[in-house]
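> If you're matching positions, the sequence shown starts at 7 in my numbering and goes up one per residue. Okay, here's the structure, questions in a sec.
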Amino acid sequence: MNNKSVNLRLSERRLNILRMYASQKDTTMTHILEDFIDTLEIKNGDSLSTPSTVNPVD
7 MNNKSVNLRL
17 SERRLNILRM
27 YASQKDTTMT
37 HILEDFIDTL
47 EIKNGDSLST
57 PSTVNPVD
């Protein structure tokens, strides 16, 4: 997998929530964000579709 970087502007409150959630789930903030992004539906014409996952382990 070819990783890319993204910079996000979050309030301190939201960043702390993300950190606490990651800690409670014993995972990384990156993994939480990737999992969330994978749940997003993309509108494609008149229908909604979820992008196919090339490698669900990534």
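We put the CB at the ideal spot given by N, CA and C, even for glycine.
Comparing the C-beta of A28 with each C-beta of chain B, is any distance below 7 Å?
The structure shown contains no chain B; it is built from a single protein chain.
> Rounded to whole angstroms, what's the CA-CA distance from D32 to R15? Just pull it up for me.
So the alpha carbons of these two residues sit roughly 23 Å apart.
> How would you write the range of the alpha helix (DSSP H) that N8 sits in, first residue to last?
From DSSP, N8 is part of no alpha helix (DSSP H); its letter is neither H nor E.
> Return the first residue and the last residue of the alpha helix (DSSP H) that L21 is part of.
Note, L21: alpha helix (DSSP H), E18 to Q30.
> Between L46, L39 and K10, which lies nearest to A28 when the distance is taken from Cα to Cα?
Ranking L46, L39 and K10 by Cα distance to A28 puts L39 first.
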